[in-house]
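Structure, as structure tokens:
Number of protein chains: 2
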Amino acid sequence: MTRLLLDISMSLDGFVAGPRPTLEDPLGEGGERLHEWVVKLAAWRERHGLDGGETGPVADLVAESVRRTGAVIMGRRMFSGGEGPWEDDPNADGWWGDDPPFGVPVFVLTHHARETVHKQGGTSFTFVTDGIDSALEQARAAADGRDVAIGGGASVAQQYLAAGLVDDIQIHVAPVLLGAGTRLFAEFHADSVSLELVETLGSEDATHLTYRVAR
Amino acid sequence: MTRLLLDISMSLDGFVAGPRPTLEDPLGEGGERLHEWVVKLAAWRERHGLDGGETGPVADLVAESVRRTGAVIMGRRMFSGGEGPWEDDPNADGWWGDDPPFGVPVFVLTHHARETVHKQGGTSFTFVTDGIDSALEQARAAADGRDVAIGGGASVAQQYLAAGLVDDIQIHVAPVLLGAGTRLFAEFHADSVSLELVETLGSEDATHLTYRVAR
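Protein chains in written order, with my numbering: chain A, 22 to 236; chain B, 22 to 236.
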């Protein structure tokens, strides 16, 4: 059964992006620090056409995430480059370049219908205008037995969490307090949600928490 | 040098108490689940006059926290029993009973001056009306070379964090999403704060993160 995975980096105070994002700095002030742990990894560098990098248990965790992911769902803002005034430009071609680091079909939740874009390396961007259930259904079909990953941003993650559709949560907690920005978890009015803590992996650069959502 | 330690349990979505606290349930709805990991421990049970309980690395971590703590600072609400309409009753004698589980001097930040209360087992409650710096100074003196721990609640922790006075942060992340309640970290307007991740300890019940605040 294809599972839905939320895999995202977060500050200790719960932000996935810092305040005041710009087109040049779509992660907001301090937001890049959330991802310092991953850009050091050989697995990440290889996917971005770079040599070298770290190997070890954290690299293995990321490699396993990549291996199991057959399709990705992301929000419009994540496609076009973080939050900001450009995010509603229906003609924006994203900020992922010709060879995006996904290598699988990506489904972009948007209000603007457009044709699927095929990039190099197996990445395609399909634009879904009829909601999160439809995006998940299409992503599951495209994943071909592998899992579906939520690529962000926070609002997409929150919608899938609120709908009770997320099966697994992998959070990379960066050792930083951003103080402001975009929170991963919205407040919700419901009984608390139980998680099973499946794995904890610590390094100097981040703590990697893997949970299964208890039903 | 006496260090200031913030040691607190938090949900994965950043809450230290659930919504709608009452006098009977001062941790709010779901809030008790944040502390399930600790009440299982032999070290906790012993301090509360109970037998049995778990030993091991997590118990050792808590024992080390207890050993290094020579004084505690807490907020008025933490003294009188969580948040709620009773919290401003200047005559409330707290909810900690005759033999509170601290065993060291406790300094309660409040607007209501009153005499120091001495309890059994080495716990005393001193009421500080002239602010966080004064409370810290008094606690440092009382700690007699050991460290000072912030016992909560969130607003006290936030005040010390904002003032740049916290040296060490130990957060116990419970595998639960509360959805609402009292957040540990307030939004603040400052450059991001760097933390050094000193130790990560995982169990089924919680993830224990120890940070040093980088200066």
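Virtual Cβ for every residue (Gly too), placed ideally from N, Cα, C.
- For the segment 217-231 of chain A, residues whose beta-carbon sits nearer than 7 Å to a beta-carbon of chain B comprise 217, 218, 221, 223, 225, 228, 230.
- Any Cβ of chain B closer than 8 Å to the Cβ of residue 169 of chain A would place that residue at the interface, and such an atom is absent.
- For residue 81 of chain A, the enclosing alpha helix (DSSP H) covers residues 78-89.
- Closer than 8 Å to the CB of residue 34 of chain B there is at least one CB belonging to chain A.
- Per DSSP, the beta-bridge partners of residue 145 of chain A are A:126, A:139.
- Of the other Cβ atoms in all chains shown, 16 or more fall within 10 Å of the Cβ of residue 98 of chain A; this residue is therefore buried.
- Contact between residue 150 of chain B and residue 126 of chain B is ruled out by a C-beta separation of about 16 Å, above the 8 Å threshold.
- The shortest CA-to-CA distance from residue 194 of chain A to any of A:39, A:171, A:25, A:31 is the one to A:31.
- Residue 59 of chain B and residue 157 of chain A have their alpha carbons spaced roughly 39 Å apart.
- Residue 85 of chain A and residue 79 of chain A have their C-alpha atoms spaced approximately 10 Å apart.
- Close CB contacts of residue 139 of chain B within its chain, under the 7 Å cut and outside five residues either way in sequence, are with 145 (chain order).
- Within the segment 197-216 of chain A, contact with chain B at the beta-carbon level (separation under 9 Å) is assigned to 197, 198, 199, 200, 201, 202, 204, 205, 206, 207, 208, 209, 210, 211, 212, 213, 214, 215, 216.
- The segment 34-54 of chain B makes contact with the segment 198-206 of chain B; the number of CB pairs closer than 8 Å reaches 3 or more.
- Counting C-beta pairs closer than 8 Å gives fewer than three between the segment 170-178 of chain A and the segment 218-233 of chain A, which falls short of the contact rule.
- Per the Cβ contact rule, the segment 48-59 of chain A is not in contact with the segment 208-220 of chain A (fewer than 3 Cβ pairs under 8 Å).
- Taking a Cβ-Cβ threshold of 8 Å, none of the residues of chain B is close to residue 74 of chain A; the smallest such distance is about 20 Å.
- The beta-carbon separation of residue 223 of chain A and residue 221 of chain B, rounded to 3 Å, stays under the 8 Å limit for a contact.
- Under the three-state reduction of DSSP output, residue 52 of chain A falls in the helix class.
- DSSP places residue 225 of chain A outside both helix and strand once states are collapsed to three, so it counts as coil.
- Look at residue 170 of chain B here: in three-state DSSP terms it is strand.
- Taking the beta carbon of residue 51 of chain A as reference, the chain B residues within 8 Å of it are 212, 213, listed in sequence order.
- Here residue 96 of chain A is buried, its C-beta having at least 16 other C-beta atoms within 10 Å.
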